[in-house]
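In my numbering, the protein residues as written are 3 to 221.
Below is one structure, written out as structure tokens; the observations come after it.
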Amino acid sequence: MKTLYSKYDKTKIGNLPRVVFEGRIIVVLSEREAEKAVDYLLKADILGFDTETRPVFKKGQQRKVALLQVSTNDTCFLFRLNRIGLCPAVKRLLETEEVLKIGLSWHDDLLALHKRGDFKEAGFIDLQHHMRELGIEDMSLAKLYANFFGERISKREQLSNWEADVLSQKQKEYASTDAWACIQLYNEYQRLKQTGDYEIIIVQPEQPEQPNQPETENE
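What follows is the structure in structure tokens.
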């Protein structure tokens with residue numbers, strides 16, 4: 003019986019063992035490479051999706067999605083959209099209904115991807131909707147993965163430069179892990195729904211302390 007929490011204590015995550023994607027990571031730098039990558043990905047039954055954007059630190063500054071990461075269970079492709087844009091192969095991947103595509107808070111990612119070009123997305127499932135079915139309220143990837151698997155996804159590279167000339171190994175591992183984790187969460191959700199092998203513990207929000215009331219004298 004798996005125990006899940008409606009709200010996961012963030013302070014516990016740092017003590018959990020770290021999980022990192024251990025499969026192949028392939029960086030896509032040209033439209034030709036994108037075609038080959040998409041042909042490979044469309045042979046899978048399920049894909050995990052995520053995006054990364056270079057952070058901004060000045061008010062009013064905006065950047066477009068720099069990276070689209072798409073993973074199978076053992077291989078993750080990192081499409082460097084700041085180099086190749088929303089090329090025909092990437093559009094084909096986003097529009098196909100041939101394969102199940104899993105993302106988290108994917109509505110926001112799609113809005114950001116639309117700023118790179120027009121496409122008609124299809125076949126996507128947002129994990130947020132299914133997590134609510136289980137009674138889970140905390141929707142960040144790190145909290146969900148800790149809640150489901152008792153492991154920690156590091157977010158250290160989240161605010162790194164995703165438009166760098168060359169992505170570091172840590173950036174590649176971070177990006178791949180996020181996309182791959184979506185598959186693991188969806189598969190576990192499906193298992194739990196089918197078996198009912200879980201209990202949900204409702205965590206009540208902490209009540210703010212009430213200030214001490216001054217004592218009054220009896221008349």
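Beta carbons are placed, not taken as given, at the ideal position from N, Cα and C, and that holds for glycine.
Would you identify the three-state DSSP class for residue i, choosing helix, strand or coil?
i: residue 105; result: strand
i: residue 78; result: strand
i: residue 170; result: coil
i: residue 92; result: helix
i: residue 175; result: helix
i: residue 97; result: helix
i: residue 25; result: coil
i: residue 191; result: helix
i: residue 54; result: strand
Starting from residue i, follow the beta strand (DSSP E) in both directions and report where the run begins and ends.
i: residue 40; result: Run containing residue 40: none in the beta strand (DSSP E); it sits in the alpha helix (DSSP H), 33-43.
i: residue 4; result: 4-7
i: residue 71; result: 69-73
i: residue 200; result: 200-203
According to the neighbour-count rule (16 or more other Cβ atoms, all chains shown, within 10 Å of its Cβ), is residue i buried or exposed?
i: residue 12; result: exposed
i: residue 62; result: exposed
i: residue 193; result: exposed
i: residue 178; result: buried
i: residue 16; result: exposed
Check this for me: beta carbons of residue i and residue j, under 8 Å apart or not?
i: residue 23; j: residue 182; result: yes
i: residue 78; j: residue 137; result: no
Tell me where the alpha helix (DSSP H) around residue i begins and ends.
i: residue 86; result: 83-86
Between the options, which lies nearest to residue i when the distance is taken from Cα to Cα?
i: residue 83; options: 198, 165, 3; result: 165
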